[in-house]
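Below is one structure, written out as structure tokens; comments come after it.
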Amino acid sequence: MKLIVILLCLVTQISEKQKELDGLKTRLTTVRKEIRQLEKQKIGTLAHIEKIDEGVNLTIEYIDELTSQESRERQNVYELSKGIAKLESKMKLRIDDLRQRLIRLYKWTPFYKLEILFSSKSLPQILSSSYYLQILAKNDQQAFFEFKADWERYLTDKKMREGLIDILEQRKVEKESELSLLGAERKRKKDILNQVGKEEKNKKQLEKELKSAQRKLEELIVALEKQRAKAKSLQKNVEKRMGTLPWPCRGSVVTKFGKIIHPKYNTKTKNNGIDISATYGDKVHAVAPGKVVYADRFMGYGNLVLIDHLDGYYSLYGHLAEMLVEVGQEISEGRILGRIGESGSLSGPMLHFELRKNGKPVDPLAYLK
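Going by this note's numbering, the sequence shown opens with residue 1348, and the numbers climb by one from there.
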């Protein structure tokens, strides 16, 4: 019974994880189709990049999940191999005992001596025949049934191990394929941005799209601030901490607050925050306690987390590789919000960080220590 429970748990676990992986693969396939459609429609650069970034993030997530699955499956193979080795050792000892019993059985039943001596069947197969089961059962039922149970478990475990080994080989091939596609997706984004840098018309269009994305974000924050203003709050999570707030991540500031001209694309925009160049996958932390009011993709900002600090201040964290909080969640200072990525970024892995006071942008460097 214990063996059956263990095997059922293992099969259930594998099935559930495979469903998660299949769901992720379905989402990834859909996004890749959408990217191909966007290429045919020749829509705006920012929307195209945004969809490619979504595909890149999903591909990375899928590869990570494949790696996790692979690790679990290797562990299962290892555990099964240990169990199989123990069973082989145990059955070897029991076979020696049963062989002696068969010799005695052979002496007692001369009519069947030829089958025992010259049969091509294995010892377990001979023992499984109803005739020998009946005779052996008269002498020692327990010894045989224990051996039979071990033998059946041995066959089951070996079959399961072989299946997992086949799956591992498939995982390896699929992972190599996805890594290749990831490289192609990143190259596609780079090619689009290089093309923008060469054509003046594309530069102006990108500038227009970036400003439009900024306006939409401002509208979102203004709407959120109107809702917050209705609820009176005496908290001072940011104002009193001016010049002492912790940095949201490790890295170096590559773009400061204010009007900027992009060195590559010559786009003229106002940076409502700062851009921190950082290592892909590094942790991003909340600079003060508050409540998550937005955690989703946002045009021009990629994966975006917005924190309401309940005192008229908001902090914004863009270009994340993944978001680790949900809307409505109350968070403390230092809480991990996500990880550094390049979603929506025109210049590789970085964190776009903003502080807003009553809906209006302020220079984050005046608040960070």
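Quick reminder that beta carbons are idealized off the backbone N, C-alpha and C, glycines included.
Just so we're clear, the structure is a prediction, and the values are computed from it rather than from any experiment.
Phe-1458 to Arg-1446, Cα distance in whole Å?
In the sequence shown, residue 1458 corresponds to position 111, counting from 1. In the sequence shown, residue 1446 corresponds to position 99, counting from 1. For Phe-1458, the predicted model reports a pLDDT of 46, less than 50, meaning its position is unreliable; a value from the coordinates is still stated below. Looking at the two C-alpha atoms, the distance is approximately 18 Å.
Tell me which same chain residues have a C-beta within less than 8 Å of the C-beta of Lys-1716, skipping the five on either side of it?
On the sequence shown, position 369 is the one that residue 1716 refers to. Excluding sequence neighbours, Lys-1716 sits near Gly-1590, Thr-1591, Leu-1592, Pro-1593 and Trp-1594.
Going by other Cβ atoms of all chains shown within 10 Å of its Cβ, with 16 needed for buried, is Gln-1422 buried or exposed?
The residue labelled residue 1422 in the question sits at position 75 within the sequence shown. Exposed, by the Cβ-count rule.
What is the DSSP secondary structure of Glu-1701, counted as helix, strand or coil?
Position 354 of the sequence shown, counted from the first residue, corresponds to residue 1701. In this structure, Glu-1701 counts as strand in the three-state DSSP scheme.
Using the rule of at least 16 other Cβ atoms within 10 Å of the residue's Cβ for burial, across every protein chain shown, is Ser-1690 buried or exposed?
Here residue 1690 corresponds to residue number 343 of the sequence shown, with the count starting at 1. Label assigned to Ser-1690: buried.
Of the choices Lys-1630, Ser-1415 and Ala-1490, whose alpha-carbon is the least far from that of Leu-1698?
By one-based count along the sequence shown, residue 1698 stands at place 351. Nearest option by C-alpha distance: Lys-1630.
Where Asn-1541 falls, given that 16 or more other Cβ within 10 Å makes a residue buried:
The count along the sequence shown starts at 1 and reaches residue 1541 at position 194. Asn-1541 comes out exposed.
Do Asp-1655 and Leu-1557 have their C-beta atoms closer together than 8 Å?
By one-based count along the sequence shown, residue 1655 stands at place 308. By one-based count along the sequence shown, residue 1557 stands at place 210. The answer is no: Cβ separation not under 8 Å.
Give every residue of the same chain whose Cβ lies closer than 8 Å to the Cβ of Leu-1405, excluding the five residues on either side of it in the sequence, and list them in chain order.
Looking up residue 1405 in the sequence shown gives position 58. Around Leu-1405: Leu-1371, Arg-1374, Leu-1375 and Val-1378.
Rounded to the nearest angstrom, what separates Asp-1411 and Lys-1537 at their Cα positions?
Numbered from its first residue, the sequence shown carries residue 1411 at position 64. Numbered from its first residue, the sequence shown carries residue 1537 at position 190. About 23 Å.
Beta strand (DSSP E) segment containing Pro-1708, residue limits:
Counted from its first residue, the sequence shown places residue 1708 at position 361. Run containing Pro-1708: 1707-1709, per the beta strand (DSSP E) assignment.
Which of the three DSSP states is assigned to Met-1589 in this structure?
Along the sequence shown, one-based indexing puts residue 1589 at 242. If DSSP states are grouped into helix, strand and coil, Met-1589 belongs with coil.
Rounded C-alpha distance that separates Glu-1397 from Asn-1584
The residue you call residue 1397 lines up with position 50 of the sequence shown. The residue you call residue 1584 lines up with position 237 of the sequence shown. Glu-1397 and Asn-1584: Cα-Cα distance of roughly 33 Å.
Less than 8 Å between the beta carbons of Val-1601 and Asp-1622, yes or no?
Along the sequence shown, read from residue 1 onward, the residue named residue 1601 stands at position 254. Along the sequence shown, read from residue 1 onward, the residue named residue 1622 stands at position 275. It is a contact, given that the beta carbons lie within the stated cut-off.
How about Ala-1642 and Val-1672: do their beta carbons lie closer than 8 Å?
Counting from 1 along the sequence shown, the entry for residue 1642 is found at position 295. Counting from 1 along the sequence shown, the entry for residue 1672 is found at position 325. Yes, the Cβ-Cβ distance between Ala-1642 and Val-1672 is below 8 Å.
Residues bridged to Met-1670 by DSSP?
For the purposes of this step, residue 1670 is taken as the residue at position 323 of the sequence shown. In the DSSP output, where bridge partners are listed per residue, Met-1670 has Gly-1685.
If you run the structure through DSSP and keep just helix, strand and coil, what is Phe-1491?
One-based indexing of the sequence shown puts residue 1491 at position 144. The answer is helix: DSSP assigns Phe-1491 an H, G or I state.
Along the chain, where does the beta strand (DSSP E) containing Leu-1651 start, and where does it finish?
By one-based count along the sequence shown, residue 1651 stands at place 304. It spans 1649-1655 - the beta strand (DSSP E) in which Leu-1651 sits, taken as one unbroken run.
Name, in chain order, the residues that DSSP records as bridge partners for Glu-1677.
Working through the sequence shown from its first residue, we reach residue 1677 at position 330. Partner(s): Lys-1638.
Given the structure, does Glu-1363 come close to the ligand NAD, in the sense that its CB is under 7 Å from one of the ligand's heavy atoms?
The model depicted lacks the ligand NAD and carries no ligand whatsoever.
I'd like the list of long-range same chain contacts for Thr-1392, defined as Cβ closer than 7 Å, with 5 residues on each side in sequence excluded.
In the sequence shown, residue 1392 corresponds to position 45, counting from 1. Counting only Cβ-Cβ distances below 7 Å, and skipping sequence neighbours, we find Ile-1539, Val-1543, Asn-1549, Gln-1552, Leu-1553 and Glu-1556.
Would DSSP call Thr-1414 helix, strand or coil?
As a working mapping, residue 1414 is identified with position 67 in the sequence shown. In the structure shown, Thr-1414 sits in a helix (DSSP, three-state: H, G or I).
Where Thr-1373 sits in the DSSP three-state scheme:
For the purposes of this step, residue 1373 is taken as the residue at position 26 of the sequence shown. Note: Thr-1373 maps to helix in three-state DSSP.
Pairwise C-alpha distance: Val-1520 and Lys-1506
Position 159 of the sequence shown, counting from 1, holds the residue named residue 1506. Position 173 of the sequence shown, counting from 1, holds the residue named residue 1520. So the alpha carbons of these two residues sit roughly 22 Å apart.
Does the distance from the CB of Ala-1625 to the CB of Gly-1681 come in under 8 Å?
Position 278 of the sequence shown holds residue 1625. Position 334 of the sequence shown holds residue 1681. It is not a contact, given that the beta carbons lie outside the stated cut-off.
Could you pull out every residue in the same chain whose Cβ sits closer than 8 Å to the Cβ of Gly-1402, ignoring the five residues on either side in sequence?
Here residue 1402 refers to the residue found at position 55 when the sequence shown is read from its first residue. Around Gly-1402: Leu-1375, Val-1378, Arg-1379, Ile-1382 and Glu-1532.
Check this for me: beta carbons of Ala-1560 and Tyr-1661, under 8 Å apart or not?
Your numbering for residue 1560 matches position 213 in the sequence shown. Your numbering for residue 1661 matches position 314 in the sequence shown. No; because the gap between Cβ atoms is not below 8 Å, this pair is not in contact.
Going along the chain, which residues of its own chain have a beta-carbon closer than 7 Å to the beta-carbon of Pro-1711, five neighbours each way excluded?
Working through the sequence shown from its first residue, we reach residue 1711 at position 364. These residues qualify, in order along the chain: Phe-1604, Gly-1620, Ile-1621, Phe-1700, Glu-1701 and Leu-1702.
In whole angstroms, give me the CA-to-CA distance for Gly-1695 and Ala-1668.
Here the question's residue 1695 lines up with position 348 in the sequence shown. Here the question's residue 1668 lines up with position 321 in the sequence shown. Rounded to the nearest angstrom, the two C-alpha atoms are 11 Å apart.
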